[in-house]
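All residue numbers for the sequence shown refer to the working numbering, where the first residue is 53 and numbers rise by one. Cβ coordinates follow ideal geometry from the N, Cα and C atoms, glycine included. Worksheet: one structure, shown below.
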Amino acid sequence: HALTGLASIPAYPHSGGVGGVGDGGSLLYVGFWMPNQKDYIYALSGNQAYPEPIPDNRTYRYTISTNSWERLADLPFGIGYYVGCRLGYADGHIYAWQGAPSTWAGGGDDLAKYKLPIADSTPPTTTHDYDGLWHTLDFTITLTATDDISGVAETYYKINDGPTKMVSVDGQPRITVEGANNTLEYWSVDNAGNEEIPHKILTGIKLDKTAPLIMEIKRIPEGDVQPGQAVKVLANATDSLSGVRDVMLQYCIGDSPIWTNASMAFNATSSLYEGIIQGHQANTLVKYKITAYDKAGNHKVEDNNGQYYVYTVIPEYPSTMILQLLMLITLTATVLLKKKRNNIENG
């Protein structure tokens, strides 16, 4: 949309008090490319070098919201004779440039280019790429700073209230301390000296490099296991950092390479994890081990130092064998009793 009622650019010295853009001047709006410059218009104010004895070289910035002008740094060269200075935008900067071929009548000026020192009162913006998840290895958090005006001079940070470090010197922040509440304070400063205040604080940075701990493994029954009898396995699994996620009971028959997985449930009363091995037939050799996983992704296998935990289902005696055994015991007792009586009578 058109802007109307703009205040005049202050008069340049050799114009006789006339304000406005000089006859070799230029206006430029860069808000399309630089969002933080949408409230400004840049201008050159100055007469051509000829016939004035001293060429003018002033630059100004107009603030739309306040309808006011402010003088910026002067150009290091005067407005050209044939081709006046022009303002242009490129690679994030505003340039004043001029030039005319020396073969032109009256001679020409060498091409000159000057990058305007844009007034910058806006600090940089810094972001991080931490995903908020548990990590199992030391890891780096990448800090990225942006500043559309003067550019970023440096990014600083402190880990866990430690010493201040610079990304350009010390590299990106690296998290090496285990815990659920590592902190990262970070900020940037631009080339105009603007500091990002308040500093940003990232909390809850999580690192767990330690696997869970498994102890107190036992089974019920502790002694003989009857044919078809289920066995309950109990274990104490803990993790002081990210916490236990899952505990798995795994068992196989004899030397079989096939392992059966049985999830172990947490018993809040005993504070132990419990899993069931289904009953098997007599003379079956059962091997088992326990694996615990924490919430960070670490895991621990407790397999009795590679020997596994083992039990064998006892043989099942047929009912006829039991009857014969009882008869033998009864007969033996009768013979012994009769012999004892004979000894008493003959004594």
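Residue i vs residue j beta-carbon contact at 8 Å
i	j	result
Leu254	Leu286	no
Gln224	Ile272	no
Glu354	Ile342	yes
Thr198	Thr177	yes
Ala125	Tyr112	no
Glu274	Asn288	no
Ile328	Ala282	yes
Asn4	Asp213	What is shown of the chain runs 53 to 399, which leaves residue 4 out entirely.
Leu139	Gly231	no
Ala317	Ile366	no
Ile266	Lys339	no
Thr364	Thr336	yes
C-alpha gap between residue i and residue j, whole angstroms
i	j	result
Gln330	Val362	14 Å
Val277	Gly358	23 Å
Ala101	His145	Any answer about Ala101 is weak, because its pLDDT of 45 lies below 50 and its placement is not dependable; what the coordinates show is given next. Spanning the two alpha carbons is a distance of roughly 26 Å.
Val221	Phe191	18 Å
Ala263	Gly256	20 Å
Gly57	Thr196	41 Å
Leu389	Met300	57 Å
Gly306	Asp298	26 Å
Lys210	His251	10 Å
Ala344	Tyr360	15 Å
Trp85	Asp181	26 Å
Tyr166	Thr235	44 Å
Arg123	Asn109	11 Å
Asn356	Lys270	12 Å
Ser78	Val229	57 Å
Asp91	Asn119	10 Å
Ser322	Asp183	36 Å
Other residues of its chain near residue i: CB distance less than 8 Å, five sequence neighbours each side excluded
i	result
His24	Absent from the structure is residue 24, since the part of the chain shown begins at 53 and ends at 399.
Ile310	Cys304
Leu469	Coverage of the chain is limited to positions 53 through 399, which leaves residue 469 absent and any answer about it impossible.
Same chain only: Cβ atoms within 6 Å of residue i, ignoring 5 sequence neighbours per side
i	result
Gly280	Gly331
Ser240	Pro176, Thr178, Ala197, Val204, Thr207, Glu248
Asn350	Thr188, Ala263
Glu237	Lys210, His251, Ile253
Asp291	Pro264, Asp346
Asn246	Pro175
Ser202	Asp172, Asp242, Asn243, Ala244
Leu127	Asn109, Ala148, Tyr166
Same chain only: Cβ atoms within 7 Å of residue i, ignoring 5 sequence neighbours per side
i	result
Tyr81	Ile93
Strand pairing of residue i, partner residues [DSSP]
i	result
Val82	According to DSSP, Val82 bridges with nothing at all.
Leu185	Looking at the DSSP assignment, Leu185 forms no beta bridge with any residue, so it has no partner.
Ser315	Met300
Asn234	Ile257
Short CB-CB distance (under 8 Å) between residue i and chain B
i	result
Leu127	No chain B appears in this structure, which consists of one protein chain only.
Q: May I have a chain-ordered list of the beta strand (DSSP E) segments no shorter than 3 residues that lie completely inside the segment 334-386?
A: 337-346, 351-354, 361-364
Q. Could you give the uninterrupted runs of the beta strand (DSSP E) lying entirely in the segment 187-224, keeping only those of 3 residues or more?
A. 195-198, 204-211
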